[in-house]
Amino acid sequence: MKIAILIPTIKPGGAEKQAALLAATLSEENEVHFVSLWGKKNLSVIVQKFLEDAHVQIHYLSGKSFGKWKEYYQLLKQQKIEIAFNYLTTCDVTGAMVEKLAGVKTVFNGIRNSRLAPAKTVLEWFAHNFFADYTIYNCQSGAKHFENLGFCKKKTIVIPNCFPNISKPIERTDKDIKTIITVGRFEPQKDYLTAIKTIADLRKTRQDFVFTIIGHGHIETQVRDWVEEYGLTNYTQILIAPDNVQEILKSADIYLSTSLFEGTSNSIMEAMNWSIPVVATNVGDNNQLIKDSWNGYLISIGDYKRLSEHLLKLLHDDKLRIEMGIRGNERLHNYSVERFVENYSKVLEK
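Every letter in the sequence shown is one number past the one before it in numbering that gives the first Met the number 0, and letter 106, counting from 1, is 105.
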């Protein structure tokens, strides 16, 4: 089959990584064209090389808005694309319309979060109900939410994110100074204020830890101001998009996530991969990744006191940290490449 995967950019984000994994997987038995709407803007050379190594054909659209869509239309016609997978709202809406005009037989839109801004929700509803054949959600919670808003249920497909190359379980030795870590964009969705309040509350009881924040985004200055306001400057390390995220994460002891909403969290999956216990808000599909009191703890949104209490439990007990971390690593196999391939094979059979 001839397949197109349309995405805004090839940047180092969660949706982009999942799209690249899908392209590489499908390219084993199909001709796959990976299309970047905004050309080489924010290009990740790592993702680019991954696609090239998988023999995926990459197309960088050029020109202004109308010109890009005209170029995409011509590409679809010339390559006789049969199936298209779209990622994120711009591609879901305009992409689906162009694909249908070009004669693409089956169009799959992609919603990668459990919530969207109102304007995006309306646009996705329009595209889902009138142009796309299906919408693939990466979380059960998102699918239910959008179905309740009038998205056609018959067009709903849920396929969780894939996590390739799951590492072997790690049994850490106890350290005098532990590291609590969080990874995520500097966006309101991640609720960094609650994370910082949690750490400030924890410091009242325990001082044998440091807090590492890895991220990037438009509220970086606000995050730094909160760290200073709550007196955490000497105990908090803020790293902006470092090249060695996985190395830093692997050396941590506890993962903290305070998001207001999520799909299937790539960052939590990465923590589970390195056998790190997770304390997280009970949003999105976090309850699918984390079994409460088994491989981590699930806490209500904004409840920094309970978040702090459960971090304290893990700081107190190194054996508990090890056991929970190893269980999380085992649980991650529910999101293996094999499961991912199986899920998409069923989709293509439709």
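Glycine included, every Cβ here is placed at the ideal spot set by N, Cα and C.
Since the structure is predicted, the reported quantities are computational estimates derived from the model, not experimental observations.
Is it true that the CB of residue j sits closer than 9 Å to the CB of residue i?
i	j	result
Y254	R202	no
E261	N108	no
E269	Q245	yes
I165	N328	yes
D91	T134	yes
I212	I180	yes
A142	F84	no
T263	G283	yes
L5	Y71	yes
I267	N285	yes
I82	L347	yes
V34	L60	yes
For residue i, name the three-state secondary structure that DSSP assigns.
i	result
F339	helix
Y229	coil
G295	strand
Y86	coil
N108	strand
F65	helix
H58	strand
V92	helix
K39	coil
L148	coil
V222	helix
A3	strand
I267	helix
A131	coil
T172	coil
I275	coil
V182	strand
K290	coil
K345	helix
K354	As shown, the chain starts at 0 and ends at 349. That puts residue 354 outside it, with no answer to give.
K177	strand
By the DSSP assignment, the beta strand (DSSP E) with residue i in it spans what residues?
i	result
S256	253-256
S35	30-35
I235	The sequence shown places Thr at residue 235, rather than the Ile named in the question. Run containing T235: 235-239, per the beta strand (DSSP E) assignment.
G214	208-214
If you follow the alpha helix (DSSP H) that residue i is in, where does it begin and where does it stop?
i	result
A194	191-202
V157	That residue, V157, is in no alpha helix (DSSP H); its beta strand (DSSP E) goes 155-157.
N164	Per DSSP, N164 belongs to no alpha helix (DSSP H) and is neither H nor E.
Y303	303-315
T263	First-last for T263: undefined, no H or E at that position.
K48	44-52
V97	95-100
K16	13-25
L115	Run containing L115: none; DSSP gives neither H nor E here.
I247	244-249
Quick one: Cα of residue i to Cα of residue j, how far?
i	j	result
L75	K312	55 Å
S64	I9	18 Å
K103	K152	For clarity, residue 103 is Val in the given sequence; the question names Lys instead. Going by the C-alpha atoms only, they are around 22 Å apart.
V226	P241	19 Å
E30	N160	22 Å
W68	M96	10 Å
E15	G301	29 Å
K48	A116	33 Å
A18	T204	43 Å
Q221	R330	35 Å
T120	K318	45 Å
H32	G94	14 Å
Y191	I247	19 Å
H315	I80	57 Å
M271	Y86	25 Å
A251	R184	19 Å
F339	K345	10 Å
L100	F130	10 Å
I195	Q206	15 Å
K156	F208	According to the sequence provided, residue 156 is Ile. The question's Lys does not apply to it. Spanning the two alpha carbons is a distance of roughly 42 Å.
G216	P7	18 Å
K349	K1	15 Å
N281	E337	27 Å
W37	S307	42 Å
K355	T88	Shown here, the chain extends from 0 to 349; a query on residue 355 therefore has no answer.
Taking three-plus beta-carbon pairs below 8 Å as touching, is the region 189-199 in contact with the region 222-230? yes
Using 8 Å as the Cβ pair cut-off and three pairs as the minimum, do the region 321-329 and the region 264-280 touch? yes
Would you call the region 5-24 and the region 39-53 in contact, with 3 or more CB pairs under 8 Å? Because the criterion of three Cβ pairs below 8 Å is met, the region 5-24 and the region 39-53 touch.
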